[in-house]
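Right, one structure below, let's go through it.
There are 2 protein chains.
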Amino acid sequence: MRVALLGCGVVGSEVARLLTRDASELARRVGAPLELAGIAVRRPGRERDLDLPAELFTTDAHALVAREDIDLVIEVIGGIEPARELIVTALENGASVVTANKALLAEDGGELFAAAAKAERDLAFEAAVAGAIPIVRPLVESLAGDTVHRVLGIVNGTTNFILDAMTTHGSGFEEVLEEAQRLGYAEADPTADIEGFDAASKAAILASLAFHSRVTIGDVHREGIVEVTAADVRSAAEMGCVVKLLAICERIDGPDGAAVSARVHPAMIPLDHPLASVRGAFNAVFVESESAGQLMFYGPGAGGAPTASAVLGDVVSVARNRLKGVWGPGESTHAQLEVLEIGRATTRYHVQIDVDDRAGVLAAVAAAFAEYDVSIKTVRQEGHGSDAQLVIVTHEAADADLAAVVAGLRDLDMVRDVSSVMRVEGML
Amino acid sequence: MRVALLGCGVVGSEVARLLTRDASELARRVGAPLELAGIAVRRPGRERDLDLPAELFTTDAHALVAREDIDLVIEVIGGIEPARELIVTALENGASVVTANKALLAEDGGELFAAAAKAERDLAFEAAVAGAIPIVRPLVESLAGDTVHRVLGIVNGTTNFILDAMTTHGSGFEEVLEEAQRLGYAEADPTADIEGFDAASKAAILASLAFHSRVTIGDVHREGIVEVTAADVRSAAEMGCVVKLLAICERIDGPDGAAVSARVHPAMIPLDHPLASVRGAFNAVFVESESAGQLMFYGPGAGGAPTASAVLGDVVSVARNRLKGVWGPGESTHAQLEVLEIGRATTRYHVQIDVDDRAGVLAAVAAAFAEYDVSIKTVRQEGHGSDAQLVIVTHEAADADLAAVVAGLRDLDMVRDVSSVMRVEGML
């Protein structure tokens, strides 16, 4: 079984190292030897801690995937192009493909899976969501006989590290971001993480798998953590919650029957929720399904070795399939559920309102909620005089209605400021 | 695809209900309809909440598995016989098999997997370990390219419920057991749970999968929770730990190279370990592997619907394989690691010793540890006079040496009693 590796960065070099070091053990597990036949890199002269012959390396990735002797292509370049074109070419040439490329799958998954189906080859991608945590296979296979209601995931380690540090130290976002960059938990350009793009890609993939429907990153409502303040984190603590950036995929009632909501935003979750204790750069995916009930999958969400573990698990599976002349289940989109916009999703809101300390203020605020039929669960008054605040938690209501309430509050004379607005998820 | 169901108790009736209710969705996921062709029961007249034709039910399980039109047999009878004979017959007749039978797999797995290999058919068993939690597939497939070092599992809900209640309420074992029986969390005859037999079956299966070696229940050292006292639970709390019944499967150094330790016993684990927060009747399996690092899988470990979810996930996988004319990886025992006896396992001990309150007692106790080269991590003296106690936590040492130390302590004049001895696991 001849393997081509596209990309030899942090993940790729670990994959190359393990394929070489564990060759005999992997051969026993697969039932045939895996031979590393070529590695496509951008900079062939770069120093790599790999004891491999120089002739394995090439800068011509296209020529490598065009080789007729390649059985299996591992793509760990990342990004849209040339990864997309290389994967399609590899499949067309009859190779099976293992990829860790969440951005590409969330953007162009349909085209890639169509190419795999046409070529009758595997396109495996366990490493694309939550690093080493097995979550793709459990959704596609273990829960294949169940009905998934909801997936709540902490799927971005950088933002979890930042929010965790803000919670522990009471620091502000900017300060912690700098610390995270210094420690290597955040990149020099942290946009993809802190603006929620990375989590949104994973949400699209998770929603597709959970609901047997095609969901792309364009369908995912996305808010990052840039606007989360130290005050938000304190408010969460006061109500027994913690702030997490969540990828949320739900089966909800739509105008034409069952539909899907897929969104990424910061939210308060109760401290006794299993996701609340996910610390630092760890990831976890919480799945609620009809029969299995509540499941959680926890582990390292990124890093060279963990991602390489997920890649190699796929390599073994795909190689076993290839020996039998078969391929796995492929994309499942038969349910074709509609993806609804964020306004249709139902959620709870935590709203902190700076108000004038005078008679009638609660009545006016309550009326603003009532105008959009949003029911209030708890009200807490805090402070006096110029520090007076109302802290309100709502029952579940449509996100659009809740947003309209917040806009209405801002128009009230007695309201000086709506100082914090955050969704509350995972309340049991 | 014609399906025979053996057993129609709590799990079986849920499987039958879902196979019927979700028939069209399952057909889309599999690629062919699954038809429930027969259900073997002991008492055909029993009231069942199933809307199924009476002629589907039979008391002759042997005739059902002997039918030539059966493609897939689901075994949820439990126990050794007739389950073993029925599964072997089904495989010999060319059917694929899905089973939830942990006791049988831990006892006679070798024979069953040999029958499956000979027949070239699937024998799937996700439901046999930790109910709805996907753990078999992650070990067999997701971690197929990784090296597992250790599996720590809370795999028995009854004992976790009991220990959790003892921790929360400070109650004794007997009292909580009665409460658990009243609430339905413990059976009228709780032996299999509280003596650790159920957990030991699961430990044998997990160790086999994790280490590619055959491990049977006879290889698993087993201690239940019957002797865990309220004082043990309090001692654990004092050192920032909680008592859990753990199934522990480790790759350890043996006299002839890598070997396996598989054991079930109560142990203290630190409160900050992810397993410490597994409450009530939930299960969780914590896996440490070389590349993936620390993974945890959490969810309901028993119950009709959760177990049915795991069974149906296997049914879908096996049916997909059958449509392609292939079968899954089967048993993997190529590593053939030796399973060592408990004395060879390394662990830490927490020992509570009632001592005479006089000079020289610590020196004498320390000498007893030194005699077997067991190094002491912490010593705490508590109480005075007739209440004087030494609380000692050791570093890692061979279990046999630690046991010898405890025996030696009991022989010391100055030692009135060794009042609590418990292993400490999961310290980072």
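Protein sequences appear in the order of chains A and B. Take the first sequence: its position 363, counting from 1, is numbered 363 in the UniProt record's numbering, and each next residue is one higher. Take the second sequence: its position 34, counting from 1, is numbered 34 in the UniProt record's numbering, and each next residue is one higher. Ideal Cβ positions, reconstructed from N, Cα and C, are used throughout, including at glycine.
Item to check | Check whether residue 96 of chain A and residue 326 of chain A have beta carbons under 8 Å apart | outcome: No, the pair does not count as a contact, with Cβ atoms beyond the cut-off.
Item to check | CA-to-CA distance, residue 4 of chain A to residue 36 of chain A, given in whole angstroms | outcome: Straight-line Cα distance between these residues: approximately 6 Å.
Item to check | Euclidean distance between Cα positions of residue 238 of chain B and residue 273 of chain A | outcome: So the alpha carbons of these two residues sit roughly 25 Å apart.
Next on the checklist: Below 7 Å on C-beta distance, what does residue 1 of chain A contact in chain B?
Outcome noted: By Cβ distance, chain B contributes nothing, its closest Cβ being about 13 Å from residue 1 of chain A, past 7 Å.
Item to check | Closer than 7 Å at the beta carbon, the chain B residues around residue 324 of chain A | outcome: Those are 326, listed as they occur along chain B.
Next on the checklist: Strictly by DSSP, which residues pair up with residue 263 of chain B?
Outcome noted: Paired residues: B:221 and B:248.
Item to check | Proximity winner among A:280, A:212 and A:228, relative to residue 251 of chain A (alpha-carbon distances) | outcome: With distances taken between CA atoms, residue 251 of chain A lies nearest to A:212 out of A:280, A:212 and A:228.
Item to check | Distance between residue 356 of chain A and residue 383 of chain A (C-alpha atoms, nearest Å) | outcome: Inter-residue distance for residue 383 of chain A and residue 356 of chain A is about 11 Å (C-alpha atoms, whole angstroms).
Checklist entry - Of the residues B:130, B:258 and B:140, which one's Cα is nearest the Cα of residue 199 of chain B? => result The shortest CA-to-CA distance from residue 199 of chain B to any of B:130, B:258 and B:140 is the one to B:130.
Checklist entry - What are the start and end residues of each continuous beta strand (DSSP E) run of 3 or more residues lying completely inside the stretch 95-140 of chain A, in chain order? => result If we require 3 residues or more, the beta strand (DSSP E) runs fully inside the stretch 95-140 of chain A come out as 96-99.
Checklist entry - Is the stretch 338-347 of chain A close to the stretch 365-385 of chain A, with three or more CB pairs under 8 Å? => result Too few Cβ pairs lie closer than 8 Å, so no.
Checklist entry - Excluding five sequence neighbours on each side, which residues of the same chain lie with their C-beta closer than 8 Å to the C-beta of residue 186 of chain B? => result Correct list, in chain order: 158, 161, 162, 177, 180, 193 and 194.
Next on the checklist: Distance cutoff 8 Å, beta carbons only. Does residue 250 of chain B sit that close to anything in chain A?
Outcome noted: Output row for residue 250 of chain B: interface = no.
Checklist entry - At a Cβ cut of 7 Å, what residues of the stretch 290-309 of chain B count as close to chain A, listed as they run along the chain? => result Those would be 291, 292, 293, 294, 295, 296, 297, 298, 299, 300, 305, 306, 308 and 309, in chain order.
Next on the checklist: Comparing C-alpha positions only, which one of B:171, B:12 and B:100 sits nearest to residue 57 of chain B?
Outcome noted: When only C-alpha atoms are compared, the closest one is B:12.
Item to check | residue 306 of chain B, enclosing alpha helix (DSSP H) - first and last residue | outcome: Looking at the DSSP string, the run of the alpha helix (DSSP H) that includes residue 306 of chain B is 304-324.
Next on the checklist: Can you list, in chain order, the residues of its chain with a C-beta nearer than 6 Å to that of residue 297 of chain B? Leave out the 5 residues immediately preceding and following it.
Outcome noted: The answer, listed in chain order, is 133, 135 and 285.
Item to check | Boundaries (first-last residue) of the alpha helix (DSSP H) holding residue 406 of chain B | outcome: Element bounds for residue 406 of chain B: 399-410.
Item to check | Identified DSSP bridge partners for residue 350 of chain A | outcome: Bridge pairing for residue 350 of chain A: A:393 and A:422 [DSSP].
Checklist entry - Going by the CB atoms, is the gap between residue 269 of chain B and residue 426 of chain B shorter than 8 Å? => result In this structure, the beta-carbon distance from residue 426 of chain B to residue 269 of chain B falls below 8 Å.
Checklist entry - Taking C-alpha atoms, which residue in B:310, B:100 and B:351 lies nearest to residue 141 of chain A? => result Selection B:310, B:100 and B:351 evaluated against residue 141 of chain A yields B:310 as nearest (Cα-Cα).
Checklist entry - In chain A, what lies closer than 7 Å to residue 133 of chain B by C-beta? => result For residue 133 of chain B, the chain A residues whose C-beta falls within less than 7 Å of its own C-beta are 295, listed in chain order.
Checklist entry - Ordered along the chain, which non-local residues of its own chain (more than five positions away) have a Cβ less than 8 Å from that of residue 403 of chain B? => result The beta carbon of residue 403 of chain B sits closer than 8 Å to the beta carbons of 343 from its chain, once the five residues preceding and following it are set aside; these are given in chain order.
Checklist entry - Could you give the distance in angstroms between the alpha-carbon of residue 107 of chain B and the alpha-carbon of residue 175 of chain B? => result Pairing residue 107 of chain B with residue 175 of chain B, the inter-Cα distance amounts to about 33 Å.
Checklist entry - So, residue 266 of chain A versus residue 422 of chain A, is the Cβ gap smaller than 8 Å? => result Between residue 266 of chain A and residue 422 of chain A, the C-beta gap is smaller than 8 Å, which places the two residues in contact.
Checklist entry - Applying a beta-carbon distance threshold of less than 8 Å, which residues of chain A neighbour residue 317 of chain B? => result Going along chain A in sequence order, the residues near residue 317 of chain B (Cβ under 8 Å) are 141 and 144.
Checklist entry - If you run the structure through DSSP and keep just helix, strand and coil, what is residue 181 of chain B? => result In this structure, residue 181 of chain B counts as helix in the three-state DSSP scheme.
Next on the checklist: What does DSSP give as the partner residue(s) for residue 296 of chain B in the beta ladder?
Outcome noted: According to DSSP, residue 296 of chain B bridges with A:298 and B:286.
Next on the checklist: Assuming contact is defined by CB atoms lying nearer than 8 Å, are residue 32 of chain A and residue 7 of chain A in contact in what I supplied?
Outcome noted: At a Cβ-Cβ threshold of 8 Å, residue 32 of chain A and residue 7 of chain A do not count as neighbours.
Checklist entry - Should residue 121 of chain A be labelled buried (16 or more other beta-carbon atoms within 10 Å of its own) or exposed? => result When all chains shown are included, residue 121 of chain A counts as buried.
Item to check | Cα-Cα separation between residue 105 of chain A and residue 257 of chain A, rounded to whole angstroms | outcome: The alpha-carbon separation between residue 105 of chain A and residue 257 of chain A amounts to approximately 27 Å.
Checklist entry - Measuring CB to CB, does residue 152 of chain A end up less than 8 Å from residue 245 of chain A? => result Their beta carbons are not under 8 Å apart, which means residue 152 of chain A does not touch residue 245 of chain A by this criterion.
Next on the checklist: Let me make sure I understand the geometry here. Which of A:417, A:261, A:262 and A:208 has the alpha-carbon closest to that of residue 335 of chain A?
Outcome noted: Checking every option, the nearest Cα to that of residue 335 of chain A belongs to A:208.
Item to check | Contacts of residue 482 of chain B in chain A (Cβ-Cβ under 7 Å) | outcome: Within the shown structure, residues of chain B are numbered from 1 to 428, placing residue 482 of chain B beyond reach of any answer.
Checklist entry - Given residue 281 of chain A, which residues of its chain have a CB within under 6 Å of its CB, disregarding the five upstream and five downstream residues? => result The residues are 157, 161 and 185.
Checklist entry - Do you know how far the Cα of residue 111 of chain B is from the Cα of residue 51 of chain B? => result Residue 51 of chain B and residue 111 of chain B: Cα-Cα distance of roughly 37 Å.
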